[in-house]
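*Asks:* Residue numbering for the first sequence follows numbering that gives the first Met the number 0, beginning at 0 and increasing consecutively.
No residue lacks a Cβ here, since even glycine has one placed at the ideal position from N, Cα and C.
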Amino acid sequence: MPELPEVETIARELRPLVVGALIREVWFDWPRVVKHPTPDRFSEELRGREILDVARRAKWLVITLSGDGVLALQVKMTGQLHLVPAGTEHDRHVHLRFELADGRWLLLRDVRKFARAGLYRRDEAGRVLGADEVADLFAEHGPEPLDDDFTLRAFRRILRRRKGRLKPLLLDQSFVAGIGNIYADEALWRARLHPLRAAASLHPDDERRLYQAVRAVLTEAIERRGSSIDDYISLEGEGGMQHYLNAYGRTGKPCPRCGRPTRRIVLGARGTHFCSWCQRLPAAQRTPQVQRLLASA
DNA sequence: ACGCCTACCTGCTTGC
DNA sequence: TGCAAGCAGGTAGGCG
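(1) Would the beta-carbon of L234 be found less than 6 Å away from any heavy atom of the ligand NAD?
(2) When the Cα atoms are used, what is the spatial distance from L234 to L80?
(3) Which residue wins for smallest C-alpha separation from V265, given the options G177, A294, A220?
(4) If you reduce the DSSP assignment to three classes, tell me which class H35 lands in.
(5) In chain order, which beta strand (DSSP E) runs of at least 3 residues are fully inside the segment 165-219?
(6) Among L158, L170, L169, which has the Cα closest to the Cα of L201?
(7) Taking all protein chains shown into account, do 16 or more other C-beta atoms lie within 10 angstroms of the C-beta of C274, making it buried, or fewer, making it exposed?
(8) Between which two residues does the beta strand (DSSP E) containing R262 stretch?
(9) DSSP puts A117 in a beta bridge; with which residues?
(10) Spatial neighbours of A220 within its chain, please: C-beta separation below 6 Å, excluding the five flanking residues on both sides.
(11) Three or more C-beta pairs closer than 8 Å, one from the segment 96-108 and one from the segment 136-143: is that the case here?
(12) When you compare only the Cα positions, how much space is there between E206 and W276?
(13) With C-beta atoms as the reference, is G151 less than 7 Å away from Y210?
(14) Take the Cβ of V32 as the centre, count every other Cβ of all protein chains shown within 10 Å, and call the residue buried at 16 or more, exposed below.
(15) Give me the DSSP bridge partner(s) of W299.
(16) When the Cα of L64 is compared with those of G78, E44, D204, which residue comes out closest?
(17) Pairing CB atoms from the segment 42-56 with CB atoms from the segment 80-91, are three or more of them under 8 Å?
(18) Please identify the residue among R91, R189, D230 whose C-alpha is closest to the C-alpha of K75.
(19) Taking 7 Å as the threshold (C-beta atoms), are L72 and L60 in contact?
(20) Using only the alpha-carbon positions, how far apart do G267 and G66 sit?
(21) If you follow the alpha helix (DSSP H) that E7 is in, where does it begin and where does it stop?
(22) Check S233 in the structure and name its three-state DSSP category.
(23) Let's see if you can read the secondary structure: which residues bound the alpha helix (DSSP H) around R156?
(24) According to DSSP, is H242 helix, strand or coil?
(25) Express the C-alpha separation of P287 and T250 in angstroms, rounding to a whole number.
(26) Thinking C-beta only, is Y247 closer than 7 Å to I178?
(27) Rounded to whole angstroms, what's the CA-CA distance from A10 to E2? Just pull it up for me.
(28) Is the beta carbon of L95 sitting closer than 7 Å to the one on L145?
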């Protein structure tokens, strides 16, 4: 399930392989994979473009093209990129294919058809212009958690503007970009914070631990080339972070810190894993509604 | 305006 | 053994 570390890994591995390549033809068998401009214009406007760079913003792959073009790919949950020699047979889950002039195909394979691709323009400042050609495509996204200017001070500033509980907040891409279900659970486990904890109730020390936990878990996951759970695989194969998760997917298994069984609750239709001993919820926040939620799991 | 919920998808797991 | 319901979740869009 690609989140920031997985998309970053794909970008880093794809970049040296395709920079300088020319897109000769584009094929797809599922029109809805094309998000922008239209399925008709997509292939036509991509033909003849050169790939200048591959980068990541939030959970998007951002491929800079010649002629002010930007190809933005969202692999979402089950999307994969593969680079194969032209003519290689692929299965029915490949829905989009970029045929490169050098005799290779870049394939987007996605079992669940959630992945999307769009061709956008960039302005002089390098901003990607969204569908209306004025607003930044990423205007609604929060800061990149691993950027140098994402400091503890900056984190505190945006955190203190938010209400609500920590788990849904971490998943909110307009709060901080790139965190998904796996690393939200991992960051909260590391920071010893309960997923239902009200963001407004954090003490300065809690804020610091959460900030450090988010950065540390994402950094470690990138070093391990992401977590290969379900369908995620990068161009050079599986990642390794799935072997180092402390909370996500460990329902009933002992907490690596205290040995007590890992709990799982459903929060906003997301499986949420935590240690109820290490990640305590202050008594004042154990409202009847929260009690019911915790008891139902 | 914000937070919460559902639809989109299909393969795998679970339970009868 | 077979079949169907349930589950997985990133994100857009809708609702209250």
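*Replies:* With the given structure in hand:
(1) Absence of the ligand NAD is noted for the structure shown, with no ligands found whatsoever.
(2) Take the alpha-carbon of L234 and the one of L80: they are about 7 Å apart.
(3) A294
(4) strand
(5) none
(6) Nearest of L158, L170, L169 to L201, Cα basis: L158.
(7) buried
(8) 262-266
(9) A small correction: the amino acid at residue 117 is Gly; Ala does not occupy that position in the sequence shown. Answer by DSSP bridge pairing, in chain order: H35, A71.
(10) Excluding sequence positions up to five before and after A220, its CB lies within less than 6 Å of the CB of P4, M240, all in the same chain and listed in chain order.
(11) no
(12) Cα to Cα, E206 sits roughly 19 Å from W276.
(13) Here residue 151 turns out to be Leu, not Gly, going by the sequence shown. Yes, Cβ-Cβ distance for L151 and Y210 is below 7 Å.
(14) buried
(15) Within the shown structure, residues of the chain are numbered from 0 to 296, placing residue 299 beyond reach of any answer.
(16) E44
(17) no
(18) Considering only alpha carbons, the answer is D230.
(19) yes
(20) 42 Å
(21) 3-17
(22) strand
(23) 151-158
(24) helix
(25) 24 Å
(26) A distance of 7 Å or more separates the beta carbons of I178 and Y247.
(27) 12 Å
(28) no
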